[in-house]
Structure formats: C-alpha cells, structure tokens
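Numbered by our numbering, the letters in the sequence shown go through residues 11 to 139 in order.
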Amino acid sequence: MHLTNSTEEESKIFSEALGEVLGPLENPRYVISRHSRFFNETWLTKILPEVLAKYFRPIESKLVMYHSVPKILAGKRADADVFLRYWQEFISPAELFYAHSAEGKLRVEAIQQQNLGPKNATKEKQIFL
C-alpha cells in the first residue's frame, strides 16, 4: 500500500495494521466489534415516493463481525481505547474487549464458532513505483 506523503516505514506499519484488522482472529490481544445498519421496509415506505420514504424507513443496527486491534495499538489499553474512539467515529458503534483473559478467550472461541470473524486471509504484493 502506498500512502501519499508518508515514509516507506509508515506505509509498512499501516499495511501491516490494516492486514491485522481485516485478517483472521489469530491470538488477538484486543478485539473490537463492528455493526452495520440495515434499512427495513414497512407498508408505509413501500407506498410513499422515495423522496419521503427515506425519512420513515426504520434503521436496524446489527452486529456483523469482530476484528483484531492491530498489534501496534494493542500493547496498552490506552492505545486500544484510542483505536476504539476512532473506530466508533469512522466505522461503527463498537465494543472493545481484552482477549487474553479467561473470559476473553471464551469470547474469541465463541466468535470463531459463530463465524463472526473475518473469513479472508490477506495477501501481500510488492509493487515498485
């Protein structure tokens, strides 16, 4: 990945962190949830023109996946909380939990059993500019 106005080291750190967030849950220290919003149709929104229906359409937020907090931000709870704050601002409402405790390990196991973790492995390619 190439980031404008960044050093090669900064780009590398960002690429690794993004790969950890989007990759499978492999012994994460902190785990963060992600929700998506779904719009539901009602009889009223079906008969109204779209210009009005969008104001009456109920919105439902559902938990869709859990992600690892990148290792560079998972060393201390304070750093993970910074990640949580920006995740909630730009991605979705979220919950953060420590996955190395007994309870956290059980939660990660349950997440994997319910297929709520990322399913795709990331692939890395070297491109020379």
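Even glycine gets a Cβ: it sits at the ideal position worked out from N, Cα and C.
Use the C-beta contact count for residue i: other C-beta atoms within 10 angstroms, 16 or more gives buried, fewer gives exposed.
i, result
"Ala84", "buried"
"Ser46", "exposed"
"Leu94", "buried"
"Trp53", "exposed"
"His77", "buried"
"Leu62", "exposed"
When the Cα of residue i is compared with those of the options, which residue comes out closest?
i, options, result
"Lys86", "Pro128, Arg44, Tyr108", "Tyr108"
"Phe66", "Lys72, Leu73, Leu58", "Leu58"
"Ile23", "Ile82, Ser78, Ala112", "Ile82"
"Ala90", "Pro38, Ser21, Gly127", "Pro38"
"Ile69", "His110, Lys115, Thr55, Asn125", "Thr55"
"Lys64", "Ala131, Phe49, Met75, Gln123", "Phe49"
"Ile121", "Ser21, Leu73, Phe100, Glu99", "Leu73"
"Trp97", "Ser25, Pro80, Ala112", "Pro80"
"Glu119", "Thr132, Glu36, Ser25, Glu20", "Glu36"
"Ala131", "Ala88, Pro34, Ser25", "Pro34"
"Pro128", "Met75, Glu20, Ser71, Glu60", "Met75"
Spell out the partners DSSP gives residue i in its beta bridges.
i, result
"Tyr108", "Tyr40"
field: Whole alpha helix (DSSP H) elements within the region 19 to 77, 4-residue minimum
entry: 53 to 57, 60 to 66
task: Give a yes or no on contact between the region 13 to 23 and the region 100 to 119, applying the rule of three or more CB pairs nearer than 8 Å.
output: no
message: Count Cβ pairs between the region 40 to 48 and the region 23 to 30 that sit closer than 8 Å; are there 3 or more?
response: no
message: Threshold first: 4 residues or longer. Then list the alpha helix (DSSP H) segments lying entirely within the region 78 to 127, N to C.
response: 87 to 100, 112 to 123
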